[in-house]
Each structure stands twice: as structure tokens, then as C-alpha cells.
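When you read off a place in the sequence shown, starting at 1, and then add 2, the result is the number in this note's numbering.
Backbone N, C-alpha and C define an ideal beta-carbon position, used for all residues, glycine too.
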Amino acid sequence: MDTIQTAQTFTCGKAVLSLDISPVNSLLICGFTDRFIRLYDTRLQEGYVLRSTYSSHSQWVSSVMWSRNSEYLFVSGSYDSLVKLWDTRSLKAPLYDIQGHEDRVLCVDWSIDQLILSEGTDNSSKMFSFKGKKNRLFFFYYAIEIVTAFLHHHFE
3 MDTIQTAQTF TCGKAVLSLD ISPVNSLLIC GFTDRFIRLY DTRLQEGYVL
53 RSTYSSHSQW VSSVMWSRNS EYLFVSGSYD SLVKLWDTRS LKAPLYDIQG
103 HEDRVLCVDW SIDQLILSEG TDNSSKMFSF KGKKNRLFFF YYAIEIVTAF
153 LHHHFE
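Here you go:
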């Protein structure tokens with residue numbers, strides 16, 4: 003029988019609610035209970051190194067997910083009821099604050115064709131489209147049904 007062993011461990015001093023590693027550049031984003039998002043570089047010999055900290059959420063960051071098409075973009079969801087779209091090259095503020103949930107956002111995901119999905123304690127699933135040269139975000143679809151996690155595969 004095959005076994006899985008720990009390859010590497012790192013401690014960050016805060017409780018992590020969500021994490022995602024970029025399939026493109028091995029950067030790790032983590033959502034924390036202190037309302038911050040932190041980006042770590044996992045490629046270095048000395049272990050995980052903190053590269054950036056993002057702050058815009060006012061409550062716990064419950065979910066983070068890298069874009070499937072861009073090495074710079076990621077999305078976050080928070081107990082503050084907001085979904086935010088971020089660019090790692092801009093530390094000052096998110097690209098977009100996506101409103102639509104009336105209560106806590108539990109999970110977010112990003113499809114290959116640039117659809118941002120979110121799920122919240124307001125019993126709603128939301129889907130947003132991020133397309134176009136001007137990177138405009140359009141409200142695309144709304145459905146009522148609570149789901150605790152979106153399943154996705156990094157295999158294409």
C-alpha cells in the first residue's frame with residue numbers, strides 16, 4: 003500500500019481557513035482569521051517565504067483561489083459577505099469588490115473560462131464572468147442552493 007508523507011511543514015502564527023497553490027509558479031495564497039491574505043513563495047530552499055500581505059476584507063477570509071488562466075490573479079471570499087478579485091502586482095487594493103451575498107461567503111472557485119463562483123450562508127450560489135480586454139466584471143448567473151464546497155480538479 004502506498005503512503006503519503008509530509009514533504010514540508012511551515013508555521014505562520016495565525017489560523018489558516020483556506021489555501022491554494024498556483025499551478026503556474028508555485029506561489030501559495032492563504033486566507034486567515036485575522037482578515038489578511040498572505041502570499042508565500044514555496045520554491046526556496048530555506049522554506050516558505052512571505053512575499054506579500056493583502057488587506058481589504060473586514061472579517062475572516064474563508065476562501066482563496068488562483069485564476070486558472072493568469073499567474074497574477076486570484077479571488078477571495080470572506081465573512082464580510084464580499085468576494086474580491088486581486089492582482090498580485092497591486093498590493094494597495096483589490097481590482098474589484100464583488101457584492102452580491104447578503105451574508106458570509108464560505109467558498110470561492112474559478113473555472114477555466116474565467117467564471118468566478120461563490121457560495122454563502124445566505125443560501126445562494128453566485129457566478130460572475132470576468133472577461134474582456136477592459137477586465138470588466140459582469141453579474142452572470144444567480145441560483146439559490148447552498149453548497150459547502152466547490153469541487154475542482156487541476157487536471158485538464
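Quiz item: Using a Cβ-Cβ cut-off of 7 Å (strictly less than) and excluding sequence neighbours within five positions of K135, which residues of its own chain qualify?
Solution: The predicted position of K135 is uncertain, since its pLDDT is 43 and thus under 50; a value taken from the coordinates is nonetheless stated next. No residues qualify anywhere along the chain.
Practice problem: Would you mind working out which of A17, L46, N27, P25 sits nearest I39, comparing C-alpha positions? | Solution: Out of A17, L46, N27, P25, A17 has the C-alpha closest to the C-alpha of I39.
Quiz item: Which ranges would you report for the beta strand (DSSP E) in the stretch 61-101 if only whole runs of at least 3 residues count?
Solution: Listed in chain order, the complete beta strand (DSSP E) runs (minimum 3 residues) inside the stretch 61-101 are 63-68, 75-80, 85-89, 98-100.
Quiz item: Straight-line CA distance for S54 to I6?
Solution: So the two alpha carbons sit approximately 30 Å from each other.
Quiz item: Among L19, W88, K128, L41, which one has its Cα closest to the Cα of V63?
Solution: For V63, the nearest C-alpha among the options comes from L19.
Exercise. Let me know the secondary structure DSSP gives G49 once reduced to three states.
Key: In this structure, DSSP gives G49 a state outside helix and strand, which the three-state scheme calls coil.
Quiz item: How many angstroms separate the CA atom of F13 from the CA atom of L46?
Solution: The residue you asked about is not Phe; residue 13 is Thr in the sequence shown. If I take the Cα positions, the gap works out to 15 Å.
Quiz item: What are the boundary residues of the beta strand (DSSP E) that V18 is part of?
Solution: Taken as a continuous stretch (DSSP letters only), the beta strand (DSSP E) holding V18 covers 18-23.
Quiz item: Can V85 and S120 be called in contact, C-beta distance under 8 Å?
Solution: Yes.
Practice problem: Just tell me which of D82, Y81, I100 has its CA closest to the CA of W88. | Solution: Answer by Cα proximity: I100.
Exercise. May I ask you to report which of helix, strand or coil DSSP gives N137?
Key: No answer about N137 holds up, because its pLDDT of 47 lies below 50 and its placement is not dependable.
Self-check item: V107 vs I118 beta-carbon contact at 8 Å
Solution: No; because the gap between Cβ atoms is not below 8 Å, this pair is not in contact.
Quiz item: In the DSSP assignment, what are the bridge partners of L41?
Solution: L41 is bridged to I31, S54.
Quiz prompt | L75, buried or exposed, once every other Cβ within 10 Å from all chains shown has been counted against 16 | solution = Burial call: buried.
Quiz item: Would you call N137 buried or exposed, if buried means 16 or more other Cβ atoms sit within 10 Å of its Cβ?
Solution: Confidence at N137 is low in this model, with a pLDDT of 47, below 50, so its placement is unreliable and no value can be given for it.
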